[in-house]
Amino acid sequence: MSQLLENLDTEFKRFYDGDDIRNHVLKKCLTETHEFKLQLKKLKAHLNKQQQELQSGKVEDEASFNKKRQLISEKLRKTHNAWDANIRKSCKAAIVQQNRFEKHAVSKLFDFELEKVYTNRLPPHAKEYVASAIGKHLARYNISNVPMRERAEIVNYMKTLYGVDEHITEEYVEMGQIIQDLKSGSLESCMKWCTPGSNLQFELYLLKAKQLLLSGDKLLSYNYVMENIPDMMIKTRKYCIRRDIGALLGKIVVGGEERFHLLEEEIKAQLEKCIALFTKDYCKANNLLYDSSLFLILLSGIISFQFFIKYQTIRAASHVDWSTEDELPFHVKLPDFVCNFHPVFICPVLKEETTIENPPYSLPCHHIISKKSLDKLSTNGTCNFKCPYCPIMASKAKTKKVNFARL
């Protein structure tokens with residue numbers, strides 16, 4: 001990852017207290033206001049009680065009565081002052097961090113004009129692909145949060161509110177419906193969808209058993225585990241499955257009430273794990289990207305910013321430029337999950353498909369061969385060799401690994 005991306009992540013985390021993204025600086029304002037409202041309700045109850053005593057003539061000592069009212073007024077003043085001070089402090093901290101974020105993170109993204117560096121602008125028809133990428137991003141990450149359940153209603157909602165094409169939404173509707181069911185506590189639809197014996201099925205069994213255990217019925221939870229999971233454990237040797245089941249059975253058999261106080265958090269974590277695993281399997285089964293094209297493009301752009309900035313400095317100092325439209329004048333190292341190798345690329349020399357262990361490499365002449373071919377032609381990097389398709393001489397040191405990015 002680039003230094004720019006790390007700096008962006010560091011400054012963004014300063015908006016939160018600690019590592020928990022739920023503890024936002026401004027959330028303190030909400031908490032303080034909620035506590036202030038509770039104090040006001042208590043003071044109001046005391047005042048109402050005193051008012052009723054005064055009207056019913058039950059006040060015997062007027063001096064003591066006035067003193068109590070004065071104490072309530074003083075308590076109200078102190079509570080308000082404390083709330084006001086805390087709100088001002090939290091708002092000030094948020095404003096300071098916002099200014100810091102603008103200065104140290106956001107402003108660096110605009111220190112140069114991209115048009116001066118990348119002169120080959122996208123053609124007008126490319127806007128269609130941009131619109132499609134935005135639509136797929138919205139459908140991929142937002143469809144499970146749509147406030148309706150029926151397929152036609154979801155498609156119409158995404159079309160009306162976001163302008164997403166119906167065909168794009170249709171690809172993700174079933175995924176959104178199943179995720180909605182999972183969030184509501186219903187596992188049946190996901191159980192029907194998943195492949196028997198898959199990791200997803202096991203995680204769903206585990207989630208259901210924990211839900212039954214949380215309900216307080218240990219016997220029902222134990223019977224559920226014994227009926228559904230033994231066959232899967234016989235077929236697999238994965239240690240993680242045996243470990244998780246062993247821990248669950250331990251809670252069922254010997255666990256007391258004090259052992260169940262963390263079960264709700266475990267269920268939440270297990271639910272998130274099941275949703276992530278289902279989403280990944282669904283995208284794979286339907287030939288969809290797990291990470292949207294828009295996310296991958298923006299991430300690649302952020303990582304590449306530092307190289308563009310460096311190139312602009314060199315270009316201005318040495319008065320050089322580049323005119324190649326289909327490649328950059330510098331290499332950008334991207335994370336592996338951004339670059340997915342094409343599954344059917346075949347090396348023209350050995351007539352073999354490239355794999356993760358045998359990736360494609362580009363020669364100085366831009367012809368591409370596999371790593372095995374490169375090692376064979378260069379005698380494991382000990383000598384120069386001629387490109388199999390042109391007279392250009394090459395060496396292993398001058399080759400570069402090729403990434404086929406699925407954007």
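So in full-length UniProt numbering, the last one in the sequence shown is 407, and the numbering has no gaps at all.
C-beta: ideal position from N, C-alpha, C; glycine also.
Separation of leucine 289 and threonine 169 (C-alpha to C-alpha, rounded to the nearest whole angstrom) is 14 Å. From the listed residues Lys210, Leu26, Tyr162 and Asn142, the smallest Cα separation to methionine 175 is found for Asn142. Per DSSP, serine 362 is one residue of the beta strand (DSSP E) stretching across 360–362. Distance check between threonine 279 and each of Ser318, Asn199 and Pro348 places Asn199 closest, using alpha-carbon atoms only.
Listed in chain order, the non-local C-beta contacts of glutamate 166 below 7 Å within the same chain comprise Val155 and Lys159, local neighbours out to five positions each way being set aside. Linking glutamate 357 to leucine 374 through their CA atoms gives a straight-line distance of about 13 Å.
Lysine 136 sits buried, since 16 or more C-beta atoms from the chains shown fall within 10 Å of its C-beta. Residue pairing by DSSP places alanine 394 opposite Phe385 in a beta bridge.
For lysine 192, the secondary structure class from DSSP, reduced to helix, strand or coil, is helix.
Taking a 10 Å sphere around the C-beta of glutamine 51, we find fewer than 16 other C-beta atoms and assign the residue as exposed.
Below 8 Å, too few C-beta pairs join the segment 87–104 and the segment 57–72 to call them touching: fewer than three.
Counting C-beta atoms within 10 angstroms of its own C-beta, phenylalanine 202 has 16 or more neighbours from the protein chains shown and is therefore classed as buried. Between aspartate 84 and leucine 214, the alpha-carbon positions lie close to 41 Å from each other.
Per DSSP, reduced to three states, the secondary structure at serine 373 is helical. Here the alpha carbon of alanine 126 sits roughly 36 Å from the alpha carbon of alanine 394. Our two residues, lysine 268 and isoleucine 297, have alpha carbons roughly 31 Å apart in a direct line.
Taking the Cβ atoms as the reference, threonine 399 lies roughly 6 Å from serine 362, within the contact range of under 8 Å.
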